[in-house]
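Written out below as structure tokens is the structure these notes cover.
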Amino acid sequence: MKPDVEYRRGARAAAVVAATYNASSTHLHRLDDCILAKLNLLKGKVRRNRQAIAKPEDMFVMGMALALAEIQRSTAGLTAVAKVARNAGLTIAKMRAAGVDADDLKVLRRAGVK
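The opening residue of the sequence shown carries number 3 in the working numbering; numbering runs sequentially from there.
Right under this line is the structure:
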């Protein structure tokens, strides 16, 4: 295979992987398009990332909610989860607004998070 073909194939593979992070990014443009543009392989303009997280502060809420739900799942009955959420100022309403998964919200409700 020609080196140029391998280069393009590798760059496109990297762009496909990067595209999976569009929804968990605050970046204004699609990550896959940015990679291809940097490597001069993009035909056309870089597209806007419509899946981007609108409010960066939601990243903290989403990350904490996921971590607390996983702790609760692995240590059923642990009362510290509700206390940590309360100390961090996290409520079910804030988590729902940030886009936390419904299954995680259910686990956190059972753990005593209000």
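Here a beta-carbon is modelled for each residue, glycine too, at the ideal position from N, C-alpha and C. Quantities reported herein were computed from a predicted structural model and do not represent experimental measurements.
Paired residues, beta bridge with residue i - DSSP
i	result
H31	R50
Enclosing alpha helix (DSSP H) for residue i [first to last residue]
i	result
Y9	5-21
S76	59-76
V86	82-89
D105	104-112
I94	94-100
Separation of residue j from residue i, as counted between CA atoms
i	j	result
Y9	T22	21 Å
E72	G114	14 Å
R11	P5	10 Å
D105	R32	28 Å
R49	H29	11 Å
S76	V102	19 Å
M61	K116	20 Å
V7	S26	31 Å
L107	R52	25 Å
A17	L44	11 Å
Reference residue i; option with closest CA among the options
i	options	result
A39	V63, A13, P58, T81	A13
P58	V7, A99, D35, L44	A99
Three-pair Cβ contact test at 8 Å for the region 88-99 versus the region 60-71: The region 60-71 and the region 88-99 touch, with three or more beta-carbon pairs separated by less than 8 Å.
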